[in-house]
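The structure under discussion appears below in the form of structure tokens.
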Ligand SMILES: CC(C)(COP(=O)(O)OP(=O)(O)OC[C@H]1O[C@@H](n2cnc3c(N)ncnc32)[C@H](O)[C@@H]1OP(=O)(O)O)[C@@H](O)C(=O)NCCC(=O)NCCS
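Residue numbers (this note's numbering): 6 to 338.
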């Protein structure tokens with residue numbers, strides 16, 4: 006078997022085969038593009054995304070991408086994190102360890118970027134566990150039909166993207182900090198349907214439905230004044246009775262604690278920088294003592310801090326664990 010050469014894709018022409026491989030590997034409808042649902046992994050001609058391609062005999066057979074972003078904490082800190090996505094291996098070459106090698110190379114790059122934590126969304130848990138990732142973070146799914154919502158006239162629910170939403174997204178309490186350079190790909194999501202109330206120049210509440218391949222039927226972005234948000238959700242429910250709200254519990258104060266179902270948010274691992282887990286803990290909880298049980302390492306530490314398999318949630322450390330890890334949508338996009 007001939008060897009494979011991994012290299013960073015720095016030229017837009019080399020991005021074409023990369024995108025073709027993604028379109029063929031993910032359940033992208035014929036004629037559509039992976040980037041309609043995941044524009045964050047598009048080619049931008051700058052250093053913000055690291056696209057890695059693996060070429061064998063002149064054919065691009067392996068793809069993977071990474072980027073660096075800053076994760077907001079309730080205390081107002083910003084934790085540097087790496088995000089990995091667009092991982093694909095050509096059907097000719099699966100099971101040979103190519104995806105594992107590609108992700109390992111991205112981890113090397115991210116380690117040089119001084120990120121504290123790396124997160125990804127993938128259903129191949131064994132693949133990523135071998136690379137040190139663990140399922141973690143607790144997200145909640147609440148069917149809209151189970152929520153107590155007010156009755157509102159249809160005419161109050163407005164639809165479509167309006168530029169003022171960008172500012173509201175930047176003000177969100179959790180998730181990734183959006184920078185001006187992110188605006189292009191945020192607005193490029195083709196399948197996301199936006200809803201809002203109030204004035205177009207300053208909506209009082211907003212929500213979005215259907216952010217692509219894996220979030221169909223889910224309200225995965227939402228915010229604004231709680232009472233206004235409930236009215237907006239009532240409007241969305243009338244149009245989409247089977248839709249569900251997806252979010253971190255702390256973002257859904259109007260639901261009862263036992264409502265809905267819980268699942269893990271993503272897979273994550275700490276980078277091997279000394280004291281990083283403690284720094285992450287302090288970024289979330291600046292006043293709390295770093296608890297002795299957290300001297301655990303690797304996957305166990307990820308589970309303890311953010312909640313994960315085998316961890317009752319919430320648990321431990323002054324009742325303040327798991328930490329409220331949250332990203333708005335797959336691939337942190
Ligand atoms: C998932 C995918 C990238 C794996 O690529 P690959 O090069 O075959 O992966 P590797 O050879 O490095 O796999 C290493 C390990 O991962 C696990 N693994 C790989 N593919 C898997 C799958 N589809 N389901 C579950 N586990 C899988 C196996 O444990 C494997 O270890 P083994 O060889 O000891 O059995 C490839 O199947 C693909 O392109 N799928 C479609 C796109 C996709 O879903 N990407 C992931 C989302 S980010």
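For each residue, glycine too, the CB sits at the ideal point set by N, CA and C.
Note that the coordinates shown come from a computational prediction; the quantities given were computed from them, not determined experimentally.
### Query
Since residue 74 and residue 107 are thought to touch, with beta carbons under 8 angstroms apart, how far apart are those beta carbons, to the nearest angstrom?
With a Cβ gap of about 20 angstroms, residue 74 and residue 107 do not count as contacting.
### Query
Can you check whether the CB of residue 65 is closer than 8 angstroms to the CB of residue 58?
yes
### Message
For residue 77, list the residues DSSP reports as bridge partners.
### Response
83, 180
#### Entry: Helix, strand or coil at residue 9 [DSSP, three-state]
coil
### Message
Taking the straight line between their C-alpha atoms, what separation do you get for residue 265 and residue 211?
### Response
21 angstroms
### Message
So, for residue 23: in the same chain, excluding its five sequence neighbours on each side, which residues have a beta-carbon less than 7 angstroms away from its beta-carbon?
### Response
14, 56, 58, 65, 68
### Query
What residue range is occupied by the uninterrupted alpha helix (DSSP H) comprising residue 107?
103–117
### Query
Can you tell me whether DSSP reads residue 95 as helix, strand or coil?
coil
### Task
Under 7 angstroms Cβ to Cβ from residue 111, same chain only, skipping five residues before and after it: list those, please.
55, 57, 69, 71, 89
### Message
Measuring alpha carbon to alpha carbon, tell me which residue in 62, 96, 197 is nearest residue 333.
### Response
197
### Residue burial classification, residue 195 (beta-carbon count within 10 angstroms, cutoff 16)
exposed
### Task
Report, in whole angstroms, the separation of the C-beta atoms of residue 180 and residue 77, which I expect to be a contact under 8 angstroms.
6 angstroms
### Query
If you run the structure through DSSP and keep just helix, strand and coil, what is residue 230?
coil
### Message
Under 6 angstroms, CB to any heavy atom of ligand 1. Which residues pass, going along the chain?
### Response
30, 31, 90, 92, 93, 94, 99, 100, 101, 102, 103, 104, 105, 127, 129, 131, 132
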